[in-house]
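To start, the structure under review is shown below, and the notes come after it.
Number of protein chains: 2
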Amino acid sequence: MLITLGTPSRPLQTAACLLGLLTLTLSLPCEAIGVSLSNKLVSVDVDDTGGSLTVTDRVSGRVWEPDPWMGSAGSLIYKKGGQSGWWNLSSASDIAVTKTTEDRLTIRFHNQDGRGDMPEWTVTTSVALDADSATLRLRVLEVKLPQGYWGSTLEYPQRPFALKTDVDRGAGVVPYWQGVTIPSYIFPMNGGRFCMWDDAVHSPNAIGELRYYDWDGLTMPWFGTHDERSAAMAIIPYDGSVRLRWIANYNNASVIAKNHFRRSEFARIVSLVPVWDLSKITPETTVQYQILPGGNHVTMAKHYREIAKKNGLWVSLEEKAKANADVEKLKGALYIGIYGGYPHYINLPGMAFTFDRLDTIVQDMHDNLGLEHAFVHAWGTFENYAPVMWPISEELGGQEKLKQVVDRVKGYGWLYSSYHSFVSLLEHDPNFNIELAPTDDEGRPLLRHRWKAVDEDRWAELAEACLPKEMAVLGQNADVTDIAFTGKVGEGGRRLADYLSSTGLVLGTERGNEWAVPQYHMFEGLVAPYRIHGKALAEYSHGAPLFNLVYHDAVTNFGKIQDPNHLVNAHTGDYYIKSLRAMLQGNGPMLFIAPYEYEGVRSYIRFAAKTLGPLHRQTAFEELVDHAYLSPDFLVQTSSFGDGTRVTVNMGPTPFEQDDKVMPPYGFRVVHRDGRVIAGRFQHQAVVNGEEIQF
Amino acid sequence: MLITLGTPSRPLQTAACLLGLLTLTLSLPCEAIGVSLSNKLVSVDVDDTGGSLTVTDRVSGRVWEPDPWMGSAGSLIYKKGGQSGWWNLSSASDIAVTKTTEDRLTIRFHNQDGRGDMPEWTVTTSVALDADSATLRLRVLEVKLPQGYWGSTLEYPQRPFALKTDVDRGAGVVPYWQGVTIPSYIFPMNGGRFCMWDDAVHSPNAIGELRYYDWDGLTMPWFGTHDERSAAMAIIPYDGSVRLRWIANYNNASVIAKNHFRRSEFARIVSLVPVWDLSKITPETTVQYQILPGGNHVTMAKHYREIAKKNGLWVSLEEKAKANADVEKLKGALYIGIYGGYPHYINLPGMAFTFDRLDTIVQDMHDNLGLEHAFVHAWGTFENYAPVMWPISEELGGQEKLKQVVDRVKGYGWLYSSYHSFVSLLEHDPNFNIELAPTDDEGRPLLRHRWKAVDEDRWAELAEACLPKEMAVLGQNADVTDIAFTGKVGEGGRRLADYLSSTGLVLGTERGNEWAVPQYHMFEGLVAPYRIHGKALAEYSHGAPLFNLVYHDAVTNFGKIQDPNHLVNAHTGDYYIKSLRAMLQGNGPMLFIAPYEYEGVRSYIRFAAKTLGPLHRQTAFEELVDHAYLSPDFLVQTSSFGDGTRVTVNMGPTPFEQDDKVMPPYGFRVVHRDGRVIAGRFQHQAVVNGEEIQF
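Read top to bottom, the protein sequences are chains A and B. Residue numbering for the first sequence follows the working numbering, beginning at 1 and increasing consecutively. Residue numbering for the second sequence follows the working numbering, beginning at 696 and increasing consecutively.
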C-alpha cells in the first residue's frame, strides 16, 4: 500500500503515477548501467551495498564521504500508533542503484517484510548531476510503508558533507537571522565564553532543527558546510517542505549513554542534514546541492544571490528609489523608535509622551545633536488598541499637533511613521473584538498569541480602514507595520503587503522576511539572533552577514527594536559590539527609547549623527561584497562594499596586529576608495572622584 | 484505600497512624468550635463552604484573600493510567473545618464517590497559629485517593497572598540565584526591554516552578509576596519536598483560549504557590508562613537570617578567619580565573599557558597594576583529565616552576588554587575510566552529564588520592573544587566537603549552596541568574541581593566564572552593570580570562585594584543590612553594610535626581561612616581619528 506523500491531493496522484513507471523499471533484473555520475567538476559515486553518496569536488580534489557515523544513506522516520521509530535506508534488504540517463540515477531502498526486524517498506530517490555545473539535484520519488505505519520525515542524505570536529578546519553556515557560522574546531576564546560554548556542543542541544520562513527559522532557503578546500551548499524549497537539522560538533553521546550504557563511538561532527517532511513534499520537490571549490560562507551567499535574482526576490534599492524618491532618505538615517506605550498600552504610566514632547525631541536631535538623517518611529499615538489604529490621541495633543511634528520631520528631510499593527488583539483592550479572531470548523474563536491573533483574511481590510485617514491628516512619508511579516504569510498577508505597497510610503517592517524584499525598503532587525528561545544555535556560532551578502543593496537593515544598541544581550553584545557589527555588516544605526530615557541617550544620538550615520550613508545602497574573520578568536572581522569601502572591526578587548597595523580593543578602521581613513575605537572609562581611568 | 504519602516507609506508617485518629475525630457530628484562629498579630478565617483561608495582618489591617481566580483552597493533581488531572479541593462534597485546639484547626475535604464527576477522595490539612507571633504552620495530614489513582502533587494553599497586577503595588520575592523580585505593576523601562518584559508575562512562561537545592533552583527555602502594607513569606522544608510555583502577572489566558475558546476572566496576578510533592512529604512536613507588617524583600531575608542562624547554617566569616588566618585574604581580593584549558582540554590550542607565562602575569598584576589583594585560580595545570588531578604538567614547566608561581602569589599575601574537579568524566579523556561511573541495578554504567558523571561515593577518595600530593609539592593556600557542590548532594558529597574542609585551605566552590556556608569561605557565582535555560523568571524580574542579605558576612561572593565581568549577558549586563551591581551587593571583583586576553584586560585589573577591591576590603566581612530600589525604573538602587558604608548605584543611562543630588548615568556613590565619599561613574567613549567623544 502506498502512503504518505501527503493527504490525497494532486501531488500524491502525481506521485502515484510516477511510481507506477518506476516500479516497472525497478522490477527488471538489476542491470546497473553504472553507479556514478560525473562531469568535469564533480563526481558522485553511489555505494551499491548501502546506497550512500560520495561526492568528489574534482577541482579541489576534496572527497566528501557519506555519513561518518553509520555510513547511512538516509533515515526514514515513521509513526505507528502513538510510537515513532526510524529505519536506516542502508539496512534495506534490497538496494538497487540504476542509472536512468547519463546524468541521472535512482536509488531504490526496498526492505522485504521481516528482514532486519522491519516490515516491508520502500524509499526511492533520484540524483541528477547537471552537465556543465557542479550542481546535484536530489528528489524523493517514492515512500511506501505498510498499513498502520505513517511516514513522518526522511533525513536524506544522512549527515552529508560532514566536518570532523578538530580534524577538519571549516564551518557550518546557516542563514539563521542575519546568519551564523559554526566552526568545526576549537579556537581561542574568552575563558568564560569557552566554558559555555564547549558545554553547549557536548549536550543534546548541539542538535536542532530550523524550517525556512518561521519567525525563528531560516531567513533564506539554503545552508552548507565548508573546509579550507571545498564547500557544499544545499538549496531547499521555498515552501518549507524540507527542514534543516544541524549537528554542531556532537556525537550523540547522551542518547547513546542513556540507551546503550556506553560511550559514543561516533566522531564529533558538524553536519547539516536535509529533513524532508513527507506530508509536504511531492516527487518534484528538489534539494539542490552546489559544490563550490575553495568556497566559504561568502561564496555560498553569492551563489544564492544569483538564484534570488533569477527568482525575482532581489530588487535593488537604487531601482526602488527611482520609483519613490523618499527611499533615498534611508541612507545614513538613524532609526529611532520612541516608545510612548501603545502597543502594548495606551497612556502607559511613566512612559507616554505628549506630541509636544515628541516635537521637542525631534527638534533637539536636529538642532543640537547634529542629526542630518533620521527615521522617526513613534509608538503610542492612537486612542484605540490594535488593530484599530485610529483616531489619533486627543489626550496626547491631537492630530494637528502631531501633524506639526510630522511636518517638522519631513522638513528636515527625514522619515516618519507612527507604529501600526493590524494583526493583534490585546487582552487588556476594553474594546477587544473577538469577532476578528479566526474560527475553527465549529465556528469557535481561535485565540492565538496576541500579536497575530486577527484572522489573516481581515488584515488588509483593517489597514485600509485606518491608514488612509491617518495619511490624510498627517501626510506621513513612511510606514512601519509591525509583526505581520515576521513569518510565512498566506494570501491575506500578501494582500496587506500589496495594499501597504500601494500607498507609496517608504515601507519598513519588523524583522523582515525574504519574500518581502521586492516590496520593502527597510527591515527592522534582520540582525544577529537576539533570542535563544530553545535555539542553542546562537550559543555556539559566530555571526556572519549572510542576509546582507545577498540583499544589502536590495533592502536597508537596522537593529532589532527589542534589542536596541544601548541595551546588552548575551548573543548580540553591548553598545560597542552592536555598533561595530553594524559598521561591519552595513546596517544603519538605531536606538529604541522610552521618552524618559531621552536625556540619557542624547550622546548616543550625537555619535550616530557624527560617525555611524555618515558611514551608512556611503554604503547603504551598495552591495556587501565580502566578509572575513581575521583573528583566531573570530572577533576581528573585515568586510567590503561595492563602492570600495572596506571596514575592519575588533569586537573584543584584545589588541590585534596584522600587516604592521594594530587594531585596538573595540577598534574600527574604515578605508574609503579614495584612501580616506576613519580609524577609532570605543573604550570604557570610569571617573572616580574626578579622576579619569580608561579601559 | 489509602495511598500516596510515599512508598511504604516509616513516614507513611506515621501518616496512617495519625490518620486513624483524625478519622475518628472527624466522624463525629460537625461541632465546629469555630473556623478562625487569631492572636493579636494575625487572624485566619476559614471559609467553611470552600475551606479556603483568609489571612488578616492585624497590625497593618491588610486582608489577604484566598485564591483570586477560583476561590479555591487548593488543587490535588493526580495520575490515572498515563493521564493526569486535578480536583479543586473546594469542590469536595463535604468540607469540615474543625478547631482542634485554641491555636490549631484542621480542614477535611472529602468528596463522595460520583459527586461533581469525581470519585471518592479525601485531603486533610491543618493550620496552626503560634500564640505570640505572626507565624502560621500548614501541614497536609492525609491524602486519600481511590484505587487506580496516584496522587502527584498538592498545590496548597492555591494562589495565596496574591497581588493583583496593576492594582496592588508590590512584588513577588524569590531566592533564585542571588535573588529576584517580580513587581506586580507596570513601571517605566527601556522601550526595548518593555516589549520583552510585557510579552514574557503575557505567555505561559509567566508560570514556572522551582525546587529548593537544584542547580537552577531556589538557593534558600523561602519566598514571599508583599505590597506597600504587608508581606507574607513562606518557609519551606530543606528536603525539597515542597516546591514553588510562581505566577508572574498572568491570568492563564493561553490555556483558557485553547481549551475554552474564550478570553480569560481571571485577574492577572503575582502569586507564589507551595506545591507539595506527595511522594516526599510526611504529615510532619510543614510550610511556615510569616506575616510581616510593612515588610518587603529585605524584611523577609532578615527573618530568614534568624532561622538560618538557629539552624547552624550561618557561621560568620570573622569566626572562620579566627580558625584560618588566610581567610582574611579574601577581603578586597580580585578573583581572577586564568583559563589555560583544563578542563575542558589539556594543552588547549591557542589558550594554554606555561607556568613561566603565569608567573609573568602574576608579577605584572602586582608590580605594574597595583593589585594588593587577589585570589589566583589557574585552570589547566595537570597532565591528566578530571577526576585524576595529577601529576602537574611537565610540558607547561613542571612542578618546581609552578611552585615558584605559588610562592610568589603567597609572598604577595594572595591566595592560590589550581582548578580541581573530582566528579567529572570527559569523553575526550584518553584514560576515560568508565569504572568510576555509578551503575544501575543490573550493573550497567550510568553515564550522566559529563561534569558530574563520577559515582558520588568515589568523590572524596579521588580528592584524597590527588590533593595531598599537590599540597606537598606546591603548598598552595586555597582550594577551588568545582561542580560538586552546585546542587543537592548526598553522603558522598558531604564526605568530599568534609575532607576538603580538613585540609585547612581557604575553600571556594562554583556557584555555592546554602548547606556549604558553614564550611566554605567563598562562592564563585551566587549572583544574578545568568542562564535562562527554560527559566523565564530572569526575564521579568529585578535582581535583589537576597542571599547576601542573609549570608554576606558568612561567605564571600564573587562573580560567576562563566559570566565574568568583562563579558556581556542579557540578564546580568555588561561590565558597567556587573561592576555596579557587585559594589551594591557587596561582592568582590572578578575576571576570567584566557591567557591571550591578558593584555586586553590589564586596565580592568588596574580599576579593580584601585576602586572595586578597596570597597570590598571594607565591607567583605560586614552584614549587608539593607537594600532598596530608588528610581521608578528600578535601575537606581542603594544598600548599606554593617560598618555604616552606604552604596548607591545607577545601572542605567538615565540621570537620576534625588535630594538635590544627581546620580549620573552608570554612576555610583559610596559614603563611608566617617563621611568619606567616593563618587563616580562609568562612561562610554569613542575616539575617532583622534577626537574623543564621550557618552
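Even glycine gets a Cβ: it sits at the ideal position worked out from N, Cα and C.
Annotation: Ser966/B to Leu748/B spans about 15 Å, alpha carbon to alpha carbon. Within the region 1250–1262 of chain B, the residues whose Cβ lies closer than 7 Å to some Cβ of chain A are Ile1256, Gln1257, Asp1258, Pro1259, His1261 and Leu1262, listed in chain order. The criterion of a C-beta distance shorter than 8 Å is satisfied by Asn689/A and Ile1373/B. The contact set of Tyr1114/B on chain A, defined by CB atoms closer than 8 Å, is empty, because the minimum CB distance reaches about 11 Å.
Annotation note: the region 606–662 of chain A contains the following uninterrupted alpha helix (DSSP H) runs of length 4 or greater, listed N- to C-terminal: 613–619.
Under the DSSP assignment, Lys578/A falls in the alpha helix (DSSP H) whose first and last residues are Tyr575 to Gln585. When 9 Å is used as the limit between beta carbons, Tyr1299/B is near these residues of chain A: Pro653, His684 and Phe695, in chain order. Close partners of Arg193/A in chain B (Cβ separation under 7 Å): Leu1262. Cβ atoms of Ile1178/B and Ser1112/B stay farther apart than 8 Å, at about 14 Å.
For Phe918/B, the uninterrupted beta strand (DSSP E) segment begins and ends at Trp917 to His921.
Nearest to Thr977/B by alpha-carbon distance, out of Val818/B, Glu837/B and Val869/B, is Glu837/B. Interface residue (Cβ-Cβ distance to chain A less than 8 Å): Tyr1270/B is classified as such. With a threshold of 16 other beta carbon atoms within 10 Å, His260/A falls short and is exposed. With respect to Pro1327/B, Phe882/B sits close: the two C-beta atoms are nearer than 8 Å. For Leu1012/B, the enclosing alpha helix (DSSP H) begins and ends at Leu1012 to Ala1018.
When C-beta atoms of the region 292–302 of chain A are compared with those of the region 442–456 of chain A, fewer than three pairs fall below 8 Å, so the two segments do not count as touching.
Cα atoms of Ser60/A and Leu41/A: separation of roughly 9 Å, rounded to the nearest angstrom.
If you draw a straight line from the Cα of Trp917/B to the Cα of Ile931/B, it comes to about 6 Å.
Its Cα nearest to that of Leu537/A, the residue Trp177/A stands out among Arg104/A, Trp177/A and Val63/A.
Partner residues in the beta bridge of Met1217/B, as assigned by DSSP, are Gly1203/B and Thr1251/B. Residue pairing from DSSP places Ser75/A in a beta bridge opposite Asn88/A and Glu155/A. Taking a C-beta cut-off of 8 Å against chain B, the contacting residues of the region 600–631 of chain A are Gly600, Val601, Ser603, Tyr604, Arg606, Phe607, Lys610 and Thr611, listed in chain order. Neighbours of Pro665/A in chain B, taken as residues at a C-beta separation under 7 Å, are given in chain order as Gly1295. DSSP links Phe1070/B through a beta bridge to Tyr1030/B and Leu1110/B. Buried is the label assigned to Asn1243/B, since at least 16 other Cβ atoms lie within 10 Å of its Cβ. Of all alpha-carbon atoms in Trp1210/B, Val937/B, Trp910/B and Leu840/B, the one lying nearest the alpha-carbon of Pro1224/B is that of Trp910/B. For Gly680/A, the enclosing beta strand (DSSP E) starts and ends at Val677 to Val688. Here the C-alpha atom of Lys80/A lies approximately 6 Å from the C-alpha atom of Gly148/A. Counting only Cβ-Cβ distances below 9 Å, Asn190/A has contacts in chain B at Tyr1034, Pro1259, His1261, Leu1262, Phe1287, Ile1288, Ala1289 and Glu1292, in chain order. Pro445/A has Thr439/A as its beta-bridge partners, per DSSP. The distance from the Cβ of Val896/B to that of Asn944/B is about 4 Å, consistent with a contact at the 8 Å cut-off.
Judged by pairs of C-beta atoms under 8 Å, the region 778–793 of chain B touches the region 801–812 of chain B, as three or more such pairs exist. Across the structure, Thr1176/B and Ala1160/B are spaced so that their CA atoms are roughly 14 Å apart. With respect to the 8 Å criterion, Gly874/B and Pro1309/B are not classified as neighbours on the basis of their beta carbons. By a beta-carbon distance limit of 8 Å, Glu850/B does not contact Ser974/B. Their separation comes to about 15 Å. If the five residues before and after Asp1321/B are omitted, its C-beta is found closer than 7 Å to the C-beta atoms of Val993, Ser1334 and Ser1335, all from its own chain and listed in chain order.
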